[in-house]
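Which chain is which? The protein sequence lines are A and B, in order. Under this note's numbering, read the first sequence as residues 64 to 266, first letter to last. Under this note's numbering, read the second sequence as residues 196 to 273, first letter to last. Structure record follows, encoded as structure tokens.
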Amino acid sequence: MDFRVVATTLDDATLVARLRAGDDGAYEILVRTYSSRLIAVARRILTSEEDARDAVQDAFISVFRSLDRFQGESRLSTWLHRIAVNAALMRLRSRRRRPEDPIEPLLPAFESDGHHQEQFQSWDESAEALLVRGETRAVVRRCIDRLPESYRTVLLLRDIEQLENEEAAAMLGVSVNAVKIRLHRARQALRTLLDPHFRGELA
Amino acid sequence: MTCREFADFIIDYLEGDLADDVRTPFERHLSRCPNCHEYLAQYRATVAAGKDAFGADEDLPSDVPEELIQAILSSRPR
């Protein structure tokens, strides 16, 4: 039996109703349909397949416990995504942390009169042309991994997982303004890290 | 507006959150400063590259081990 096919024919409300009724098949459909996608989400945050699987297990436990709270205001997939992000963040926090590298060396430097110290050299291909290449994606992922963790996390939540500032702030336990500042710095730092690649020196 | 101030306002500019009394000097600076023009272009390209970095085939979910599926299913409330 292909559960994916079944799942696409079951709307959220029906699936949730069957889950609440304790239907074995519904649990099987839910887990088989969403686990691989949720592992991908957790792996982006945790950068470890093993940790990602543990986080997804945590996420499903929390899903099972809070089925009664699913209101149907968002899609089931969106609700599960948020729970998986949260579970991955919890695991990230519990992981032994290295002291974080400062981000300042990756931010633009200015003269005392407010001018940039650096003369930016143009990136020699358009962003679109660079993006279609798989190896460029791998370079970008490696550069994201080099960001200090609190900045990497915000960049992932906002630009990749596409959470709103408010959602990201709530999950990280910081203010909306802190999220915006960190996102801006994370993007600036990522630009610095991408610069040698996009100038074509290493591409 | 200095280049330093310009850099600080980029994120709000891109989100359409700049008040008129800041957007006007921001855009004036943008039209006069080739270095900040380039910086803004690279910032935009960086955001696009980040958003795209995980969107492709190489990030396709792996096969989920049956063991994990069963472990998850066994944790459901009875």
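Glycine included, every Cβ here is placed at the ideal spot set by N, Cα and C.
Within chain A, partners of residue i - CB distance below 8 angstroms
{"i": "B/Glu200", "result": "Gly177"}
Neighbouring residues, chain B, relative to residue i (Cβ below 8 angstroms)
{"i": "A/Ile207", "result": "Gly245 and Ala248"}
{"i": "A/Leu246", "result": "Ile206"}
{"i": "A/Ser125", "result": "Correct list: empty, because the minimum Cβ distance to chain B is about 10 angstroms."}
{"i": "A/Arg326", "result": "Because chain A spans 64 through 266 in this model, residue 326 of chain A falls outside it and cannot be assessed."}
7 angstroms Cβ cut-off: residues of chain A touching residue i
{"i": "B/Ser269", "result": "Here the premise fails: no neighbours, minimum Cβ distance about 10 angstroms."}
{"i": "B/Leu213", "result": "Simply none; closest approach about 13 angstroms."}
{"i": "B/Val259", "result": "Ser98, Ser99 and Ile102"}
{"i": "B/Pro220", "result": "In chain order: nothing, as chain A lies at least about 13 angstroms away."}
Partner residues on chain B for residue i, Cβ-Cβ distance less than 7 angstroms
{"i": "A/Val239", "result": "In chain order: nothing, as chain B lies at least about 12 angstroms away."}
{"i": "A/Gln134", "result": "Result: empty, since nearest Cβ-Cβ is about 20 angstroms, beyond 7 angstroms."}
{"i": "A/Trp186", "result": "Gln237 and Ala240"}
{"i": "A/Leu257", "result": "Thr241 and Ala244"}
{"i": "A/Leu253", "result": "Thr241 and Gly245"}
{"i": "A/Val94", "result": "Ile264, Ile267 and Leu268"}
{"i": "A/Glu91", "result": "Leu268"}
Residues bridged to residue i (per DSSP)
{"i": "A/His179", "result": "A/Phe173"}
Partner residues on chain A for residue i, Cβ-Cβ distance less than 9 angstroms
{"i": "B/Thr197", "result": "Phe173, Asp176, Gly177 and His178"}
Interface residues of the region 98–122 of chain A facing chain B [CB-CB below 8 angstroms]: So the list reads Ser98, Ser99, Arg100, Ile102, Ala103, Arg107, Glu112, Arg116, Val119 and Gln120, given in the order they occur along the chain.
Contact between the region 251–264 of chain A and the region 208–215 of chain B (3+ Cβ pairs under 8 angstroms): Because the criterion of three Cβ pairs below 8 angstroms is not met, the region 251–264 of chain A and the region 208–215 of chain B do not touch.
Interfacial residues, the region 226–241 of chain B to chain A, with Cβ spacing under 7 angstroms: If the cut-off is 7 angstroms between Cβ atoms, the region 226–241 of chain B has Asn230, Glu233, Tyr234, Gln237, Tyr238, Ala240 and Thr241 near chain A.
Given 8 angstroms, three or more beta-carbon pairs between the region 98–109 of chain A and the region 141–157 of chain A: Short answer: they touch.
contact_flag[the region 257–267 of chain B, the region 204–218 of chain A] where n(CB pairs < 8 angstroms) is 3 or more: Verdict: no, contact absent.
Stretch-stretch touch, CB-based, cutoff 8 angstroms, three pairs: the region 147–166 of chain A with the region 109–126 of chain A: Touching, yes, given that three or more Cβ pairs across the two stretches are closer than 8 angstroms.
Sufficient close CB pairs (3 or more, under 8 angstroms) joining the region 231–248 of chain B to the region 242–254 of chain A: Yes, the region 231–248 of chain B touches the region 242–254 of chain A.
Members of the region 210–223 of chain A near chain B, C-beta cut-off 9 angstroms: Answer set for the region 210–223 of chain A: Leu218, Leu219, Asp222 and Ile223.
The region 178–185 of chain A contacting the region 224–233 of chain B, beta-carbon criterion three pairs below 8 angstroms: Segments in contact, yes.
Any 3 or more C-beta pairs closer than 8 angstroms across the region 213–229 of chain B and the region 161–177 of chain A: No, they do not touch.
Sequence ranges, alpha helix (DSSP H) only - wholly within the region 224–272 of chain B, length at least 4: With a minimum length of 4 residues, the continuous alpha helix (DSSP H) runs that stay inside the region 224–272 of chain B are 229–247 and 261–269.
3 or more residues per run - each beta strand (DSSP E) lying fully within the region 69–117 of chain A: The region 69–117 of chain A contains no whole beta strand (DSSP E) run of 3 or more residues.
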